[in-house]
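Trainee:
2 protein chains.
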Amino acid sequence: MGLVTCQLSISLDGYVAGPNQSSEDPIGEGGMRLHQWALANASWREQHGLQGGERNPDSDVLDEVRDGIGAVIMGRNMFGPGRGDWDEGWRGWWGEDPPYHVPVFVLTHHEREPLQMQGGTTFDFVTDGIEPALQRAREAAGELDVSIAGGASAVRQYLAAGLLDELYLHIVPVILGAGERLLDGVGDLELEQVKVVASDAVTHVKYRVVR
Amino acid sequence: MGLVTCQLSISLDGYVAGPNQSSEDPIGEGGMRLHQWALANASWREQHGLQGGERNPDSDVLDEVRDGIGAVIMGRNMFGPGRGDWDEGWRGWWGEDPPYHVPVFVLTHHEREPLQMQGGTTFDFVTDGIEPALQRAREAAGELDVSIAGGASAVRQYLAAGLLDELYLHIVPVILGAGERLLDGVGDLELEQVKVVASDAVTHVKYRVVR
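Protein sequences, first through last, are from chains A and B.
So the first sequence is numbered by the working numbering: it starts at 1 and just counts up by one.
So the second sequence is numbered by the working numbering: it starts at 1 and just counts up by one.
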């Protein structure tokens, strides 16, 4: 069985998204500043069907976090800006060929039929909680890892429930000052630092959650 | 003129001290967990007149942050657990030969005569604010650096006022869940990552504050 992993860009003051998420600000106000290091990188661009970009130590990290993922779980607020009943026209932020290429399970309180996208991505909407979602993701992933993609609330829930094996943080030298904090209310986790990679712009630290 | 620097151990959720500081818990409840990496280290032990300890990449960082400091500024809550009028019997946490060996300026709202300690440490109590304290510390430091030793509130004030040049964080894989957060309310700082050192236990990241 694979691991349950999570990798996120985080501001130096602990936010993984800015405040006031909307269709104009998918990651909240200022949240895109957390991802500039990746957007200009050759690895990220290749993963998103784009050419060019720089290769540096960040590229190896971006390759590493892509590899070995058999299924993805995300919170509804990562899938879209809507709340409450579904707007059935909303099919995610990523167009018809999302960059996941594996089954994606979306945590929601509102039922919806699955979506079959191009390139191997499917979106399944799970309404019975984080543990059933993980069970379905594990079945879909087989021997591969399950990635908890975000947002903060989904990751916090898996951390607090003791269901996460690895947390890989990309620590960006940005102060957001407000937004969604990753590590509030997760309890007294025991973490072990297992890997550090630094580029000029970002420090990547992988933690193992000790059980 | 030297730089104005700060180096602090910080939990992964952004705290530099736990809650409820007292004479039993000088760094708040759980706060000592942020410093275990240093206490067992040969460099820290030597700086505090102790023998033994391990030498590893943390030692180089501990040597680096000791060198070149000509004066220190700290908040009153770092100097002691008391509040309000001074208990004149309180001469700091560190005994008669504190590990500073330079002039130390303590930010306080309550006047007190200077203390001359052994080993070159003096404690001067500054009641007219962070800028006069920095001016006095710069004069005392000459060409050397001024270190803002803590606690969180003192560092936040220097950061928010644009008076800090370098922030060296020792990021410890501990979740404190409560206490004194370093980076709340400091405004939208521009930081540049200038150095990363990793040991098995801690990730040290030095940031330059861009003006």
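Cβ coordinates follow ideal geometry from the N, Cα and C atoms, glycine included.
#1: Can you give the beta carbon distance from Val16 (chain A) to Ala152 (chain A), rounded, assuming they're within the 8 Å contact cut?
#2: If you count every other CB in all the chains shown that lies within 10 Å of the CB of Glu223 (chain A), and 16 or more means buried, which is it?
#3: Hey, could you find the ends of the beta strand (DSSP E) Asp145 (chain B) is sitting in?
#4: Using the Cα positions of Val205 (chain A) and Glu166 (chain A), report the straight-line distance between them to the nearest angstrom.
#5: Let me know the secondary structure DSSP gives Glu216 (chain B) once reduced to three states.
#6: Note down, in chain order, every chain B residue with its Cβ under 8 Å from the Cβ of Ile175 (chain A).
#7: If you drop the 5 nearest sequence neighbours on each side, which residues of the same chain put their C-beta closer than 7 Å to that of Pro173 (chain B)?
#8: Is it right to say Arg211 (chain B) is buried, meaning 16 or more other beta carbons lie within 10 angstroms of its own, or is it exposed?
#9: Cβ closer than 7 Å: which chain A residues qualify as neighbours of Gly31 (chain B)?
#10: Can you tell me whether Tyr202 (chain A) is helix, strand or coil according to DSSP?
#11: Find the nearest neighbour of Leu134 (chain B) within the set B:Met74, B:Tyr100, B:Leu189, judged by alpha-carbon distance.
#12: Would you call Met1 (chain B) buried or exposed, if buried means 16 or more other Cβ atoms sit within 10 Å of its Cβ?
#13: From Asp67 (chain A) to Val197 (chain A), what distance separates their C-alpha atoms?
#14: What residues from chain B crowd round Gln200 (chain A), counting only those whose CB sits closer than 8 Å?
#15: Step through the CB atoms of chain B and report whether any lies within less than 8 Å of the CB of Leu12 (chain A).
#16: Compile a chain-ordered list of the residues in the stretch 91-103 of chain B whose CB is closer than 8 Å to at least one CB of chain A.
#17: Helix, strand or coil: how does DSSP classify Met74 (chain A) here?
#18: Can you tell me the Cβ-Cβ gap for Ile148 (chain B) and Ala140 (chain B), rounded? I've got them flagged as a contact below 8 Å.
#19: Taking the alpha-carbon positions, what's the Gly82 (chain A) to Trp94 (chain A) distance?
#20: Taking Tyr207 (chain A) as the query, report the chain B residues whose CB atoms sit under 7 Å from its CB, ordered along the chain.
#21: Can you find a C-beta in chain B that's less than 8 Å from the C-beta of Thr5 (chain A)?
#22: Judging by CA-CA distance, which residue of A:Gly80, A:Gly84, A:Gln51 is the nearest neighbour of Trp90 (chain A)?
#23: Between which two residues does the beta strand (DSSP E) containing Ser23 (chain A) stretch?
#24: Look up Tyr158 (chain B) in the DSSP assignment and say whether it is helix, strand or coil.
#25: Below 7 Å CB to CB, which residues in the same chain sit around Ala40 (chain B) once its five sequence neighbours on both sides are set aside?
#26: Using the rule of at least 16 other Cβ atoms within 10 Å of the residue's Cβ for burial, across every protein chain shown, is Leu62 (chain B) buried or exposed?
#27: Would the beta-carbon of Gly70 (chain A) be found less than 7 Å away from any heavy atom of the ligand SAM?
#28: Is the beta carbon of Thr121 (chain A) less than 8 Å from the beta carbon of Val106 (chain A)?
#29: If you follow the beta strand (DSSP E) that Leu167 (chain A) is part of, which residue opens it and which one closes it?
#30: Figure out for me which residue from A:Thr203, A:Met32, A:Ile175 has the closest Cα to the Cα of Tyr168 (chain A).
#31: Measure the alpha-carbon distance for Trp44 (chain B) versus Ala38 (chain B) and round it to whole angstroms.
#32: Could one say the Cβ of Val72 (chain A) lies closer than 8 Å to chain B's Cβ atoms, at least one of them?
#33: What are the start and end residues of the alpha helix (DSSP H) that includes Pro132 (chain A)?
#34: Would a check of beta-carbon distances place Val65 (chain B) closer than 8 Å to chain A?
#35: Is the Cβ of Val196 (chain A) closer than 8 Å to any Cβ of chain B?
#36: What residues in its chain sit with their C-beta under 6 Å from that of Glu190 (chain A), if we drop five residues either side in the sequence?
Mentor: Quick answer:
#1: 5 Å
#2: Not covered by the structure: residue 223 (chain A). The range shown for chain A is 1 to 211.
#3: 145-150
#4: 10 Å
#5: What the structure shows of chain B is the stretch from 1 to 211, and residue 216 (chain B) is not part of that stretch, so it cannot be assessed.
#6: Leu183, Val186, Gly187, Asp188, Leu189, Leu191
#7: Leu12
#8: exposed
#9: Those do not exist, as Gly31 (chain B) stays about 14 Å from chain A at its closest Cβ, beyond 7 Å.
#10: Checking the sequence shown, residue 202 (chain A) turns out to be Val, not Tyr. Note: Val202 (chain A) maps to coil in three-state DSSP.
#11: B:Met74
#12: exposed
#13: 17 Å
#14: Per the sequence shown, residue 200 (chain A) should be read as Asp rather than Gln. Simply Gln193.
#15: yes
#16: none
#17: strand
#18: Not really, about 14 Å apart at Cβ, beyond 8 Å.
#19: 15 Å
#20: Pro173
#21: no
#22: A:Gly80
#23: Where Ser23 (chain A) is concerned, there is no enclosing beta strand (DSSP E), given that its DSSP letter is neither H nor E.
#24: helix
#25: Gly53, Glu54
#26: buried
#27: Of the ligands one can find in the structure shown there are none, so the ligand SAM has no counterpart to examine.
#28: no
#29: 166-172
#30: A:Thr203
#31: 6 Å
#32: no
#33: 130-141
#34: no
#35: yes
#36: Val210
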